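Notes follow the structure.
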Amino acid sequence: MSSPATRRRVPGLRRLLLVLLALAVVAGLAAAAYFSPLLSARDVSVTGATNAPADRVAKVVEPLKGRPLLQITPGQRDAYAAQVIAVSPWIDRATVTVSYPSTLVVEVTEREVVAYAQRPAGTVLVDAKGVPFIKVGEPPILTPKLVVDDPKTDDPATASSIAVLKSLPPDLHGQVVEIGADSPANVRFVLRDKRVVYWGDDQRAADKTAALRMVLTRPGKEFTVINPDMPTTR
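With the first letter of the sequence shown counted as 1, position 154 gets the number 154 in the UniProt record's numbering; the numbers rise by one all the way through.
Pasting the structure below:
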């Protein structure tokens with residue numbers, strides 16, 4: 001007849017064996033998934049590529065096809081995302097992720113065109129960060145011209161002009177054909193009817209917008225809202 005201590009040890013050993021068995025099963029399933037061809041990259045999905053060529057974007061990650069998804073590390077995905085960005089100047093950011101059971105997902109974020117600029121080499125599009133990123137024959141319709149000495153991302157006049165343009169409500173933004181500045185505090189823009197607005201810096205946008213709406217109802221060709229509390233018309 002077994003002792004009470006022995007009887008207490010038997011259930012404990014059984015529980016331990018069950019735990020070890022469960023861990024072994026989990027480890028086996030994980031190993032199977034890690035190496036399984038059923039969870040390998042077979043398809044490529046590209047999203048967000050409107051101006052950038054989606055077929056070239058997909059081709060970048062072709063070397064990953066056939067590889068088990070669990071074996072594609074975050075570092076490898078980031079490296080391929082960097083290669084995707086290099087495909088086209090339209091691409092601002094990109095990510096490469098996996099979608100089980102068998103898909104590589106490439107998500108592209110394209111640059112937002114806010115203006116165009118004239119350079120010695122021709123017409124270039126300018127994005128929301130002030131980056132002149134691609135040469136074009138003709139700018140997109142309704143895209144305003146940016147007039148600054150040197151349009152680039154770290155140019156204060158460029159940054160201030162774009163900030164003002166983006167602060168305008170859609171109805172006013174759509175009337176702007178040209179915007180520029182010779183300093184961050186001296187932004188001016190031209191409307192489609194050739195009226196000129198002297199805006200100043202990129203502060204107090206809401207107040208300046210309200211002041212501009214008021215003075216645009218008056219006769220005149222030049223409107224100054226640098227001080228929105230005292231707008232003027234000429």
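Quick reminder that beta carbons are idealized off the backbone N, C-alpha and C, glycines included. Since the model is a prediction, treat every value here as computed from it, not as a measurement.
Mind checking whether residue i and residue j have CB atoms under 9 Å apart?
i: Val-164; j: Asp-207; result: no
i: Ile-179; j: Lys-135; result: no
i: Val-177; j: Arg-192; result: yes
Output needed for residue i: all residues of its chain with C-beta closer than 7 Å, excluding positions within five of it in sequence on either side, in chain order.
i: Pro-156; result: Pro-184
i: Gly-130; result: Pro-151, Lys-152, Thr-153, Asp-155, Thr-158, Ala-159, Ile-162
i: Leu-142; result: Gly-174
i: Ala-52; result: Val-87, Ser-88, Trp-90, Ile-91, Val-108, Glu-110
i: Arg-234; result: Gly-220, Lys-221, Glu-222
i: residue 248; result: The requested residue 248 does not occur in the structure, where the chain is confined to residues 1 to 234.
Would you mind working out which of the options sits nearest residue i, comparing C-alpha positions?
i: Gln-118; options: Glu-107, Asp-149, Thr-109, Ala-128; result: Asp-149
i: Thr-50; options: Leu-69, Val-113, Ser-99, Pro-74; result: Val-113
i: Pro-68; options: Tyr-198, Val-136, Arg-42; result: Arg-42
i: Ser-40; options: Pro-101, Val-60, Glu-62, Val-196; result: Pro-101
i: Leu-168; options: Thr-209, Gly-137, Ala-81, Gly-200; result: Thr-209
i: Asp-182; options: Val-147, Phe-133, Ile-72, Val-98; result: Val-147
Just the Cα atoms here: how many angstroms apart are residue i and residue j?
i: residue 262; j: Val-124; result: Nothing can be reported for residue 262: it is not among the residues displayed for the chain, which extend from 1 to 234.
i: Asp-92; j: Pro-74; result: 20 Å
i: Met-230; j: Arg-218; result: 14 Å
i: Ala-33; j: Leu-70; result: Caution applies to Ala-33, whose pLDDT of 44 falls short of 50 and renders its modelled position unreliable; the value that the coordinates give is listed next. Looking at the two C-alpha atoms, the distance is approximately 7 Å.
i: Val-46; j: Pro-139; result: 26 Å
i: Ile-226; j: Ala-121; result: 34 Å
i: Arg-56; j: Ala-211; result: 49 Å
i: Leu-104; j: Leu-172; result: 42 Å
i: Arg-188; j: Arg-195; result: 11 Å
i: Val-190; j: Val-60; result: 43 Å
i: Ala-58; j: Leu-64; result: 11 Å
i: Trp-199; j: Ala-54; result: 41 Å
i: Tyr-80; j: Asn-186; result: 43 Å
i: Gly-48; j: Val-96; result: 12 Å
i: Gln-76; j: Val-44; result: 16 Å
Just confirm the distance between the C-beta atoms of residue i and residue j, as a whole number of angstroms; I'd bet it's less than 8 Å.
i: Val-84; j: Val-106; result: 6 Å
i: Ala-94; j: Val-108; result: 5 Å
i: Arg-204; j: Pro-228; result: 6 Å
Can you list, in chain order, the residues of its chain whose CB lies under 8 Å from that of residue i, leaving out five sequence neighbours each side?
i: Pro-132; result: Ala-117, Arg-119, Val-124, Leu-125, Val-126, Pro-151, Lys-152
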